Amino acid sequence: MSQTLPLKERYPPGDFAIWIIIYVELVTFGLLFLGYAFSRRGDIAMFNESQLMLNQTSGFINTLILVTSSYFVIKAVKSITSMSEESVAEANAKASKWLLLAIGCGVAFGLVKGSEFYHIFGAGINLSTNKFFMFYIMLTAFHFMHVMLGSFILFVIYKKTKRVGYSFGDYSGIETGASYWHMVDLLWIVLFPLVYIIR
Amino acid sequence: MKKYLELVWIILATLTLFAFLLGYLKIISTSFVAILLFTTFIKGQLVIDYFMGLKNVRLFYRLIPLVWLSIVIVLIGVAYYLPV
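So the sequences go chain by chain: E and X.
When the letters of the first sequence are read in order and numbered with my numbering, they come out as residues 1057 to 1255.
When the letters of the second sequence are read in order and numbered with my numbering, they come out as residues 504 to 587.
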């Protein structure tokens, strides 16, 4: 059965190297998630009390922002991968608009997260305040760095679409960048309920 | 069929709102945590299959993130429900 599948469907989209990075990132964050979950058992009252200082609305808005940005990114990818030889310029133009929206989401995420950090650090909280905030700062700051890198990658892809850089059958670059962005989204989907909601 | 990506986004946004309301209205309880973890798995699976585009690739590559997600969600549940 698998032999009848076209080659592009037998492997994940984009450059295979990005998938090695994605798998490593998933394991790294997975260990941090489990570190948080099992550390919580040591002092549940302190974790619950500290969690009350987080702004759940910020976490909710940022989750919406990221799932929406993922939608914009996949629309950009579909614009490119479904192009014909006659619609190259049109497909690149369409993809660039979706990517611009996704980059806007990345910036919005950064602003919301920045405001959250401003209040947390402004209240004198830091890595050594307690175990909850050590995990909170480590997880969210580490994830934030991934959002920033992802936004930069999307910007590079956006510039290429503006130059009509993707042609018929040549779209590995946009698929690679998109896969990284979706990973960032996937990580936040687990992080949000774990750190902000579950108590 | 053509609008499946829009449907995926709507489900993701709805489940996110559900999770937020559980926390915001402070109705999160022991039984709700299991439901919340299940909806988190659904959200992750949708991202993996439809946004990452792994639904139609060789099963091995699709299983890697799905197994990761399952293990993480189950162990978070174990950490929550196991008596201290």
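By construction, the Cβ of each residue, glycine as well, lies at the ideal position given by its N, Cα and C atoms.
Being a predicted model, the structure only gives us computed values, none of them experimental.
query                                                                                                                    : result
Alpha helix (DSSP H) runs wholly inside the segment 1143–1180 of chain E, at least 4 long, in chain order                : 1144–1178
Residue-chain proximity (L540/X, chain E), Cβ-Cβ < 9 Å                                                                   : yes
R1255/E to S1184/E span [Cα, whole Å]                                                                                    : 21 Å
Neighbourhood of V1251/E by C-beta distance below 8 Å, restricted to the same chain and skipping five residues each side : Y1092, Q1107, L1110, G1115, F1191, Y1192, L1195, T1196
Distance, F1208/E Cα to L461/X Cα                                                                                        : What is shown of chain X runs 504 to 587, which leaves residue 461/X out entirely.
Chain-ordered residues of the segment 1072–1090 of chain E with a beta carbon less than 8 Å from chain X                 : W1075, I1078, Y1079, L1082, V1083, G1086, F1089, L1090
Rounded Cβ spacing between A1158/E and L1210/E (contact assumed at less than 8 Å)                                        : 6 Å
Test item: CB-CB of V1244/E and L1167/E under 9 Å                                                                        : The question names Val, but residue 1244/E in the sequence shown is Trp. No.
Inter-residue spacing [alpha-carbon to alpha-carbon] between I1100/E and Y1227/E                                         : 48 Å
DSSP-derived helix/strand/coil call for S1126/E                                                                          : helix
C-beta neighbour in chain X for D1226/E, strict 9 Å                                                                      : no
Neighbourhood of Y564/X by C-beta distance below 8 Å, restricted to the same chain and skipping five residues each side  : L557
Per-residue DSSP class, three states only, for S1114/E                                                                   : helix
Short Cβ contact (9 Å threshold) for K1215/E with N1148/E                                                                : no
Closer than 7 Å at the beta carbon, the chain E residues around T543/X                                                   : I1245, V1246, P1249
Neighbouring residues, chain E, relative to A516/X (Cβ below 7 Å)                                                        : L1120, V1123
Contact between the segment 1067–1084 of chain E and the segment 1139–1147 of chain E (3+ Cβ pairs under 8 Å)            : no
Residues sharing a beta bridge with S1223/E, DSSP                                                                        : D1226/E
Counted within 10 angstroms of its Cβ, other Cβ atoms place Y1127/E as buried (16 or more) or exposed                    : buried
V570/X versus W1154/E: straight-line alpha-carbon distance, rounded                                                      : 31 Å
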